[in-house]
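Heads up, the thing below is written out as structure tokens.
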Amino acid sequence: MAQEISITRFHALGLELAMDKARALVTDLSQQYGLKHQWSGNNASVKHGLTGITGQLKVAEDELRVYVDLNFLQRALKGLIEAEINKVLDSALT
2 MAQEISITRF HALGLELAMD KARALVTDLS QQYGLKHQWS GNNASVKHGL
52 TGITGQLKVA EDELRVYVDL NFLQRALKGL IEAEINKVLD SALT
């Protein structure tokens, strides 16, 4: 499946603080939305079992990248999903 959403957010937090915030964010979102997640180094993979939406979060020293794969039905909601991701990132990286 092709990546439907790709967001890069630059930050000045450094790797350690960015990882702390990313771990907290993924944990909170997993609990809130029933996501399954797995960390491998600085990368998290997430999946929503009911909808089939999958995503990756990649944390680096100066940037955070989010990739989301949508199924056919969720593509119609791409704008809303992307806006919500940006809102969550704004809140998490402050």
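In this text, residue positions in the sequence shown follow the numbering used here: the first is 2, and each later residue adds one. Idealized CB from N, CA, C, for every residue including glycine.
The beta carbons of residue 17 and residue 76 sit no closer together than 8 angstroms.
Distance from residue 64 to residue 10 at the Cβ level is roughly 7 angstroms; contact confirmed, criterion being Cβ atoms closer than 8 angstroms. With 16 or more other Cβ atoms from the protein chains shown falling within 10 Å of its own Cβ, residue 90 counts as buried. Annotation: the continuous alpha helix (DSSP H) that includes residue 93 extends over 79-93. Membership of residue 15 in the alpha helix (DSSP H) is indicated by the continuous run 15-34. Looking at the DSSP output, residue 56 sits in a beta bridge with 47, 69. Where residue 10 is concerned, the enclosing beta strand (DSSP E) starts and stops at 6-11.
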